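Visitor: Got a structure here, written out as structure tokens. Questions coming.
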């Protein structure tokens, strides 16, 4: 292997091994007991994607330690005399943490809170004095590991989170340029075979990833922290751009058969302007310098000419295209100004009406509820085993089961057989070291070298993203199994290491059982559940979009909305991730390619529904036509009813005729539009455009559902419902 490759590969193992050894040796030098807690803090911080993620995890680890200590003291202060009630409340805390650990920003705080609480309760023998000493020691050593990690990782080959964040920003900008080029080819070159569906879904995923990376970049980049509002605004524009792309595809789809020769030059000019703005943003990110503000131009409103011989359908589609391209030009101007502000530090007076304020509603994720239910079953089972049978190491079994249960339940589609193999393999490796190497170590520096080389071997041998779980498990087992060596008075007792591994094995078997059987976490089962809840969520949100104010204020609406207010794109992304994790060779009756076709159509379906909700809301806000509103509302409700029934897609054939009749009616009312006056005295241009947009969204949504139903009819979902015995 090339020397330079080995050098790059050895950087992270050296930093992790050195940090871990230094942290534990400083704890021993200070006379602190249980220095392995500092080593565990270093291990967890080192598994993060970037230094910003590491710093954020370290900060949350300190906060979680404080919260966990407070929870343990609360339980001991009020329920120390009744162990049953105390463990019931502890199990409830574990269940809440099992739900909250999936929160991308604060989930880690909940995981550490529960971990620290369990360790203090169990290892302090539930006595106040011991628990107070343990809590203080835990806080000190966590802080020590945090400081050692910052110092070593800042001195040796420092790596900022900002380049990773900016690379993700560049990926988004390039992807959107590709989107615009494809749309331009469709209109200007009449290239209707451009592959665009995966790109639409990829854009939505990239926007969501940026939010997570922004949290990390704030931790170790002062410039990004200072300009956080500008970056947050950029992400908001990304969300709105996804809706704008949806409206643009609607207009393009409606103009497939139209003759646009007279308008191609104007259309091409606005596309070139949009591409220029994105290229300007890309240049700002690459160079890290904002241009002179005088070089930033604003787009002038573009009008497409309408001719008397143009048919009514084409007139409406052209008006929709005109309005959407102008809105996108305005949005791109805001994007350039936001990037200018992020890199120059100058504030700009943005148009507060350019982006709607997002409406935040409480929601519950069913997969997270399932994970919470499972971890409560695991901890309850361990508590019952400890309470009624009191096996050796039973209290430690509760702590280890809680810690590893939260860890494995939180891992997406964790293969428990592989994790079991990791634990068995690393346990054997550590036991061999414990028997043949550790007895010969009698000096602190020798112990430090032992942990350095062992950690370096684990992280160097199993480098690469796909081995993350393996190296973290190996390091944790190394630290936990040899913890008796890292005491003020070292104890070399292989029986202690074996008892720890036995307790860990019992907890792991329960984790495997509850993870695979009630509401299986196998990726194929997760994908099916995501698709089922997605259909119900889309139906609910369509009904909510057309509901009146009185209907939305009914007492049961907020309660039901807790399950259905979740963003549909998250459900599609969850199904997408699950589909990629499925071992398709175990299901010869179905094809991975068919599943990916369905996933990509679902991304487009979410885009269509977002466009419909946006277009319908704008039209309903300004319209006074009760008849047209009733017709559109009825059509949307029929689509929602069709989504709620597995065999309801046939109803869409009837909807097609209704759409055609509605289109003809509105086109008769908006033909020969004069932009300066209201049409026929009862419908304005603004209302006509918004109505046409809502109708276009509705018609394309119906068509998208038909295509999706055809794709689903070819896929054998029953084959994925077979539950394999996986232990």
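Residue numbers (the working numbering): 83 to 809.
Don't be surprised by glycine CBs; every beta carbon is placed ideally from N, CA and C.
These numbers were taken from a predicted model, which means no experiment stands behind them.
#1: Let me check understanding here. Comparing Cα to Cα, which of 122, 509 and 484 lies closest to residue 579?
#2: Consult DSSP for residue 600 and reduce its assignment to one of helix, strand or coil.
#3: DSSP on residue 426, reduced to helix/strand/coil?
#4: Which term fits residue 588, buried or exposed, when burial requires 16 or more other beta carbons within 10 angstroms of its beta carbon?
#5: Could you spell out the range, first to last residue, of the alpha helix (DSSP H) harbouring residue 117?
#6: Within the same chain, show all residues whose beta-carbon is closer than 7 Å to that of residue 276, passing over the 5 residues directly before and after it, in chain order.
#7: Expressed to the nearest angstrom, what Euclidean distance is found between the alpha-carbon atoms of residue 356 and residue 407?
#8: According to DSSP, is residue 630 helix, strand or coil?
#9: Does residue 447 come out as helix, strand or coil in the three-state DSSP assignment?
#10: Anyone know if the C-beta pair for residue 504 and residue 458 falls short of 7 Å?
#11: Since residue 384 and residue 364 are thought to touch, with beta carbons under 8 Å apart, how far apart are those beta carbons, to the nearest angstrom?
#12: Taking all protein chains shown into account, decide if residue 190 is buried (16 or more other Cβ within 10 angstroms of its Cβ) or exposed.
#13: In three-state DSSP terms, what is residue 322?
#14: Would a C-beta distance cut-off of 7 Å place residue 557 and residue 125 closer than the cut-off?
#15: Starting from residue 558, trace the alpha helix (DSSP H) both ways and give me its first and last residue.
#16: In chain order, what residues of the same chain lie with their CB nearer than 6 Å to the CB of residue 461, ignoring the 5 residues before and after it?
#17: Run the CB neighbour count on residue 332, radius 10 Å, all protein chains shown included, and call it buried at 16 or more, exposed below.
#18: Around the C-beta of residue 776, are 16 or more other C-beta atoms found within 10 angstroms, so that it is buried, or is it exposed?
#19: What residue range does the alpha helix (DSSP H) around residue 188 cover?
#20: Check whether the segment 620-628 touches the segment 660-673, taking contact to mean three or more Cβ pairs, one atom from each stretch, closer than 8 Å.
#21: Going by beta carbon distance, what residues of the same chain come within less than 8 Å of residue 230, once the five residues before and after it are set aside?
#22: With DSSP collapsed to three states, give me the class of residue 456.
#23: So what does DSSP say about residue 798, is it helix, strand or coil?
#24: Residue 372 by DSSP, collapsed to three states: which one?
#25: Of all the options 691, 453, 702 and 465, which has the alpha carbon lying nearest to the alpha carbon of residue 585?
#26: Can you tell me whether residue 546 is helix, strand or coil according to DSSP?
#27: Going by DSSP in three states, residue 696 sits in which element: helix, strand or coil?
#28: To the nearest angstrom, how far is the alpha carbon of residue 786 from that of residue 249?
#29: Is the beta carbon of residue 454 sitting closer than 7 Å to the one on residue 592?
#30: Report buried or exposed for residue 637, applying the criterion of at least 16 other Cβ atoms within 10 angstroms of its Cβ.
#31: Hey, out of 493, 507 and 576, whose CA is closest to residue 193's CA?
#32: For a test of the three-state rule: what should DSSP assign to residue 416, helix, strand or coil?
#33: Rounded to the nearest angstrom, what separates residue 115 and residue 202 at their Cα positions?
#34: Go through its chain and collect everything with a Cβ distance to residue 811's Cβ below 8 Å, but skip five positions before and after it.
#35: By how many angstroms is the C-alpha of residue 710 removed from the C-alpha of residue 312?
Guide: With the given structure in hand:
#1: 509
#2: coil
#3: helix
#4: buried
#5: No alpha helix (DSSP H) contains residue 117, which DSSP labels as neither H nor E.
#6: Confidence in residue 276 is poor, its pLDDT being 46 and thus under 50, which makes the residue's placement too unreliable to answer from.
#7: 9 Å
#8: coil
#9: coil
#10: no
#11: No, residue 384 and residue 364 are not in contact; Cβ-Cβ is about 23 Å, not under 8 Å.
#12: buried
#13: helix
#14: yes
#15: 550-563
#16: 173, 176 and 484
#17: buried
#18: buried
#19: No alpha helix (DSSP H) holds residue 188; DSSP gives it neither H nor E.
#20: no
#21: 101, 104, 105, 108, 120 and 124
#22: helix
#23: coil
#24: coil
#25: 465
#26: coil
#27: helix
#28: 33 Å
#29: no
#30: exposed
#31: 493
#32: helix
#33: 14 Å
#34: Lying before the first or after the last residue shown, residue 811 is absent from the chain, which here runs from 83 to 809.
#35: 41 Å
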